[in-house]
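48 is the number that the UniProt record's numbering gives to position 48 of the sequence shown; each next residue is one higher, with no gaps.
Here a beta-carbon is modelled for each residue, glycine too, at the ideal position from N, C-alpha and C.
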Amino acid sequence: MPEDTEDMDPLARITALETEIAQLRHAVTARATVDQAMGVVIAYAGVTPETAWEILRDVSQHTNTKLREIAEQIRQWPHCEWLPDEVRHALGAAVLARSAQPPATGAAVPDR
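Next comes the structure, spelled out in structure tokens:
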């Protein structure tokens with residue numbers, strides 16, 4: 001519950017609680033997307049979950065794109081078989097930098 005809601009009038013308290021609920025729903029959805037993107041990175045690069053998280057973070061930082069947006073693009077990548085060039089290059093570089101072994105056979109980042 002938001003801080004100091006007990007001292008608020010009922011309408012303000014309801015508004016504060018509704019705002020908090022919306023933020024929590026957004027966080028849960030974003031977390032699920034990040035977890036799924038981590039799974040794609042794990043399958044693609046054969047890395048641990050911790051390394052997959054670091055790779056997502058690296059791609060986000062190097063493309064100056066919010067992590068949840070990168071996660072959504074990578075989550076959809078196996079279905080649409082396309083990543084934006086900037087993301088594709090950053091992903092390849094992050095995987096090379098963070099993994100001891102190359103990506104799984106046949107799992108090259110597409111040039112599309």
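Using a Cβ-Cβ cutoff of less than 7 Å, which residues in the same chain neighbour residue i once the five nearest sequence positions on both sides are dropped?
i, result
"M38", "P49, A52, W53, L56"
Starting from the Cα of residue i, find the closest Cα among the options and give me that residue.
i, options, result
"R68", "A32, R13, A97, C80", "A32"
"E86", "Q73, M8, C80", "Q73"
"L96", "D58, T19, V28", "D58"
"S99", "W77, A43, R25", "A43"
Express the C-alpha separation of residue j and residue i in angstroms, rounding to a whole number.
i, j, result
"E75", "T15", "In the sequence under discussion, the amino acid at residue 75 is Arg, which differs from the Glu named in the question. Straight-line Cα distance between these residues: approximately 34 Å."
"P10", "V34", "36 Å"
"A30", "A93", "24 Å"
"R112", "L83", "With a pLDDT of 42 at R112, under the threshold of 50, the modelled position of that residue is not reliable, and the figure given next carries that caveat. If I take the Cα positions, the gap works out to 7 Å."
"I21", "I70", "24 Å"
Rounded to the nearest angstrom, how far is the Cβ of residue i from that of residue j, given a contact under 8 Å?
i, j, result
"V47", "V41", "7 Å"
"T63", "A45", "No, T63 and A45 are not in contact; Cβ-Cβ is about 17 Å, not under 8 Å."
Please work out which residues of its chain come closer than 8 Å, Cβ to Cβ, to residue i, disregarding the five sequence neighbours upstream and downstream, and give them in chain order.
i, result
"K66", "S60"
Any idea what DSSP makes of residue i, helix, strand or coil?
i, result
"residue 125", "Examination of residue 125 is not possible in this model, given that the chain is present from 1 through 112 alone."
"V34", "helix"
"R112", "Unreliable placement is indicated for R112, whose pLDDT of 42 sits below 50; the coordinate value is still reported in the next sentence. In the structure shown, R112 sits in coil (DSSP, three-state: anything other than H, G, I, E or B)."
"T51", "helix"
Near residue i, what residues of its chain come up, given a Cβ to Cβ distance below 6 Å and the 5 sequence neighbours on each side ignored?
i, result
"E6", "none"
Any beta-carbon of chain D closer than 8 Å to the one on residue i?
i, result
"V40", "Chain labels in this structure do not include chain D; a single protein chain is all it has."
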